[in-house]
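First comes the structure, then the notes that go with it.
In the numbering used here, the protein residues as written are 26 to 650.
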């Protein structure tokens, strides 16, 4: 089989050599009659398909070829070819020009005759009539329907030298970067679009150097997915049509003023160049060869103007774009120890990421936590848009009527070229109840601030003055307390033994309750349920300490517990470990901690605290015995 193929190839090459030799004798050889004609590859064609028109001149020395106007079509080409044939010992020659046409609309079209100048005389071809039908769904792409067919014909007769191939590549494949604007205000958005223009086939494309975007904050967009069967769009540039593929889109926000140069992007590509056979001037012997091509985009210069100082509000902090603003409390009435929230939300287009949390000073009675931040951006278009939300958790520690602070937000509107201001008015919040400790409050409190007395009772002392206490009913009750206790001692003396038994039982159940709650906390840890886990751990610790130290839950505080433990000679490091664990639980309920790591650490520390106190109390009991 291989030998047969080699023989056929030899015969074909010899025949072509003979033809080539005879072409050298053309002037001495008589010719057939001259003919100039036009042939269309199809008489009917769907609008979304292409077809070809070939203009052929037979047996004439062509001086000039003038194509007709082809209105109603996108035209690609022409591809030129020359053919020689021998019939009955007589030689003929033909020259042809082939155009690829893409219909723009439906209907019946008549393409006028083309003109050929032969021996200083005009020759006209026949007109061509084509009917354009409604678009049809294309079948799976095949070689015959390759979208590059329109340009492949233009690649024929390309030179072989490396310098000429380089020039050819530069002409038929390049990258352009287009800015959405070249002059803007500081902080405004600029979008850069990177497009590849090509009239040749390529195998790969890789960026070797990307711009650093110095002087800008950058955000890259997600480009829409392209299906392999989709043909790339066609654009005209400098009078020529190219396939276009967008491969990068970036949003830039300038953070300085003046003229800023954006560096070009540099790429490596492998293109396929149709190389002519060095001996035969015939497309039959042409081959597609890969060629590594290095190129870069155009540079871009941007002018950044400073924001106007006129009418700039004091509340302006750098937001530029177009925004809406809303803020609200989840309730206007609350109770001591129950959290309430303030939600501040910004929506719109612009540099949302640069917006920071409002600086608000709440009344001292409210324990305020760092706001939770939620970003919801859309980056699949051409502008950065979305929302940014700040949620404040506030826990009132005493009752009353309080004025919550007002807040102003200002931004520079790029459309109006002026500043816009929003105001969160002052809000009145009513809190019911008084400062006291309850099991519910303990679960929500985090570590007290350094400039306040520790524990909830420190807070109560902050709001009750000595002057108010003197002469109050509580003053007279406490004054008569010693006598009252003496009388009660006689009445309940017989119950001492039963009460002692009850206290012993209470101490005994402390372990069981703590172990039960810690077992439940372990399951919640495994399920990564943050709030239920911390609530279970903190309840385990408080209930264990309440029962072991015989402190009523209504009187629990970290200070009271610390004092009781010191009275039992518990080491300070163990007391500090307990306090730190309680603080971590309280903080975790209202702040975004590292969930998995923090939960595991808290669980282990709580177990260590319970085990350590239990061992100490047992040793203390043995010492007394």
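All C-beta atoms in this analysis are idealised placements derived from N, C-alpha and C, irrespective of residue type, glycine included.
Let me make sure I understand the geometry here. Which of the options has the alpha-carbon closest to that of residue i?
i, options, result
"residue 130", "97, 137, 575, 143", "97"
"residue 147", "87, 99, 123", "87"
"residue 127", "119, 430, 144, 160", "160"
"residue 124", "92, 292, 152, 347", "92"
"residue 441", "196, 345, 411", "345"
"residue 568", "586, 156, 244", "586"
"residue 642", "363, 623, 627, 589", "589"
"residue 122", "103, 139, 134, 138", "103"
"residue 401", "420, 378, 72, 574", "378"
"residue 454", "448, 363, 275", "363"
"residue 336", "445, 288, 280", "445"
"residue 139", "153, 132, 133, 145", "153"
"residue 58", "118, 72, 276, 394", "118"
"residue 443", "274, 338, 316", "338"
Exposed or buried, which one is residue i when buried takes at least 16 other CB atoms within 10 Å?
i, result
"residue 375", "buried"
"residue 392", "buried"
"residue 236", "buried"
"residue 611", "buried"
"residue 592", "exposed"
"residue 572", "buried"
"residue 635", "buried"
"residue 542", "buried"
"residue 422", "buried"
"residue 550", "buried"
"residue 334", "exposed"
"residue 582", "buried"
"residue 365", "buried"
Does any C-beta atom of chain C lie closer than 8 Å to the C-beta of residue i?
i, result
"residue 58", "Absent here is chain C; the protein component of the structure consists of one chain."
Under a three-way DSSP split, which group does residue i fall into?
i, result
"residue 568", "helix"
"residue 725", "Since the first residue of the chain shown is 26 and the last is 650, residue 725 is not available in this structure."
"residue 8", "Past the edges of the chain, shown from 26 to 650, lies residue 8, and the structure says nothing about it."
"residue 246", "coil"
"residue 132", "strand"
"residue 628", "helix"
"residue 562", "helix"
"residue 635", "helix"
"residue 604", "helix"
"residue 380", "coil"
"residue 328", "strand"
"residue 551", "helix"
"residue 260", "strand"
"residue 590", "helix"
"residue 609", "helix"
"residue 351", "strand"
"residue 334", "coil"
"residue 10", "The displayed coordinates of the chain run from 26 to 650. Any statement about residue 10 would go beyond what the structure contains."
"residue 274", "strand"
"residue 429", "strand"
"residue 224", "coil"
"residue 138", "coil"
"residue 583", "helix"
"residue 409", "coil"
"residue 165", "Low confidence applies to residue 165: its pLDDT is 48, below 50, so where it sits in the model is not reliable, and the reading given next is rough at best. In this structure, residue 165 counts as coil in the three-state DSSP scheme."
"residue 215", "strand"
"residue 314", "strand"
"residue 445", "strand"
"residue 390", "coil"
"residue 395", "coil"
"residue 641", "helix"
"residue 159", "coil"
"residue 146", "strand"
Taking 8 Å as the cut-off, decide whether the C-beta atoms of residue i and residue j are in contact.
i, j, result
"residue 142", "residue 89", "yes"
"residue 222", "residue 202", "no"
"residue 539", "residue 562", "no"
"residue 259", "residue 265", "no"
"residue 246", "residue 404", "yes"
"residue 297", "residue 226", "yes"
"residue 399", "residue 424", "no"
"residue 360", "residue 456", "yes"
"residue 415", "residue 369", "yes"
"residue 651", "residue 292", "Nothing about residue 651 can be reported from this structure: the residues present for the chain run from 26 to 650 only."
"residue 408", "residue 207", "no"
"residue 432", "residue 385", "yes"
"residue 327", "residue 287", "yes"
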